[in-house]
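The structure appears below as structure tokens.
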Amino acid sequence: MLSQAEIDAILRTSPVSDDADALPLHAIAPGRTVKTYDFRRPDKFSKDQLRTLQAIHENVARIAGARLGASLRSPVSIQLATCEQTVFDEYIAGLDLPTQLVVLRAGPLAGPMLLELDLRFAFAGIERMLGGHGTLPTERREPTAIEGVLIRRLVDEIVPAIAEAWAHLTTFPIEIIETALGPALLRVAAPSEVAAVLAFEIRFGGRAATFTVIYPHAAVEPILPRLSATAWYAQTDRDGESEASRPLLEEALDHIEIAVTAVLGAVELPVDTLADLQLGDVIRLDERIADPIRIWISDQVRAWGIPGRIDDRLAVQLVAPLTPVEA
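Quick note on the numbering used here: the sequence shown kicks off at 98 and runs consecutively.
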């Protein structure tokens, strides 16, 4: 053990400055920067892994939008909004309750994953299933037992979309384990577990809602080596679409309703002429009776047609595509 005199002698010969603001002995090397690191929120997913998850779930958005649009017979637009990692407990604390939570088990994962579906979209989807317009409600409430059964139909369109998108990298069979309207009794991950959170924006009925897919790090750890940009693009077609998803998209498009309009003719009239129109007046159109008419598909002119009649119904026969110059 050192005596006090020996300690004092060591301190007198120490090169440490008395200046409180002096740099430590191991000063930062020129050109280097210091990054703050939160040990409670470690970055367990690399940037490359997050980019791959983002690419996968951009496909989820596309496939889920097509499936839901076909199921609801109405346009559904889905976009991936964010892809980030956070502590699972912090994600749960930020939930707007009640919300539809679905615990999923996927074949290659070491643990469960979570799907959260905004109940506003769920109620709008139910209204559309029952023949309504599919308007998103402004307030949150818990669904009834019957509504819960119908919400399951929406979930059954989203879950296969996740499996299809993962097919680029690995076989990804998914099954639903349990559902709940809050996280109180669900066991998905430890509160301090880091999770990848992928949030989607759904546009339906003129308003926006959300759904989210959550992957705890411990669950996806077995397949992390596959989450690389190299592996992803090696499995992607030249046009960026999965061969596995094409039959699904083609099937979904078969059920999408699009307005087709046959325009018999048109003419420009001055406002004063319109104001003077009376019952029985005849307006001469620009087209001749024998000329083909323009066929509008949605909001674009796409073909020439000939009007006619089948039994007691009006009809139109498509005779030729419309060139860009003719349109």
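The C-beta atom is built at its ideal place from N, Cα and C for all residues, glycine as well.
Alpha-carbon to alpha-carbon, arginine 284 and phenylalanine 269: 21 Å
Helix, strand or coil at glycine 245 [DSSP, three-state]: DSSP places glycine 245 in helix when its eight states are reduced to three.
Cβ distance (whole Å) where alanine 262 is taken to contact valine 157 below 8 Å: 4 Å
Extent of the continuous alpha helix (DSSP H) to which phenylalanine 269 belongs: First-last for phenylalanine 269: undefined, no H or E at that position.
Backbone CA spacing between leucine 415 and glycine 166 [nearest angstrom]: If you draw a straight line from the Cα of leucine 415 to the Cα of glycine 166, it comes to about 27 Å.
Bridge-paired residues (DSSP) for glutamine 414: Ile403
Beta-carbon proximity list for glutamine 146, same chain, < 6 Å, skipping 5 on both sides: Excluding sequence positions up to five before and after glutamine 146, its CB lies within less than 6 Å of the CB of Leu324, all in the same chain and listed in chain order.
Leucine 321 - partner residues in DSSP beta bridges: Looking at the DSSP output, leucine 321 sits in no beta bridge, so it has no partner there.
Residue from Val413, Glu103, Ile403, Gly279 with nearest C-alpha to glutamine 428: Given that the chain is displayed from residue 98 to residue 424, the structure contains no residue 428 and the question cannot be resolved.
Where methionine 210 sits in the DSSP three-state scheme: In the displayed model, methionine 210 falls within a strand according to three-state DSSP.
DSSP state of alanine 262 mapped onto helix, strand, coil: helix
Anticipated Cβ contact below 8 Å, leucine 233 with alanine 306, distance rounded: Indeed, because the Cβ distance is near 6 Å, the residues count as touching under 8 Å.
Own chain, CB closer than 8 Å to glutamate 442, minus 5 neighbours either side, in chain order: Only positions 98 to 424 of the chain appear in this structure, which leaves residue 442 out of reach.
Cβ-Cβ separation, glutamine 151 to alanine 292 (assumed contact under 8 Å), whole Å: Approximately 15 Å separates the beta-carbon atoms of alanine 292 and glutamine 151; this is outside 8 Å, ruling out the contact.
Beta-carbon proximity check, glutamate 384 vs isoleucine 392, cutoff 8 Å: no
C-beta contact flag for valine 413 and glycine 405 at 8 Å: yes
Unbroken beta strand (DSSP E) run spanning glutamate 181, endpoints: 174-184
Unbroken beta strand (DSSP E) run spanning arginine 202, endpoints: 197-203
Inter-residue Cα distance where the pair is arginine 410 and glycine 303: 34 Å
Segment contact flag, the segment 160-180 with the segment 246-264, C-beta cutoff 8 Å, min 3 pairs: Touching, per the Cβ criterion.
Beta-carbon spacing of leucine 177, leucine 295 below 8 Å: yes
Outcome for glutamate 236 when other beta-carbon atoms lying within 10 angstroms are tallied against a minimum of 16: exposed
Among Leu212, His154, Arg202, Met226, the one whose alpha carbon lies nearest that of alanine 264: If we check each option's Cα against that of alanine 264, His154 comes out closest.
As assigned by DSSP and simplified to three states, the class of leucine 282: coil
Status (buried if at least 16 other CB within 10 Å, exposed otherwise) for leucine 366: exposed
Span separating the alpha-carbon of arginine 335 from that of isoleucine 380: Low per-residue confidence applies at arginine 335: pLDDT is 43, beneath 50, and the placement is therefore not dependable enough to give any value.
C-alpha gap between aspartate 140 and threonine 276, whole angstroms: A straight-line Cα-Cα distance of about 29 Å links aspartate 140 and threonine 276.
DSSP-derived helix/strand/coil call for arginine 381: Assignment of arginine 381 by DSSP, reduced to helix, strand and coil, places it in the coil class.
Whole-angstrom C-beta distance between proline 240 and leucine 493, which should lie under 8 Å: Here the chain comprises residues numbered 98 to 424, so residue 493 is not present and cannot be evaluated.
Test item: CB-CB of proline 313 and phenylalanine 185 under 8 Å: yes
Start and end residues, beta strand (DSSP E) containing alanine 356: Boundaries for alanine 356: no beta strand (DSSP E) harbours it, and the DSSP string shows neither H nor E there.
Bridge-paired residues (DSSP) for alanine 293: Gln182, Tyr312.
DSSP state of glutamine 375 mapped onto helix, strand, coil: coil
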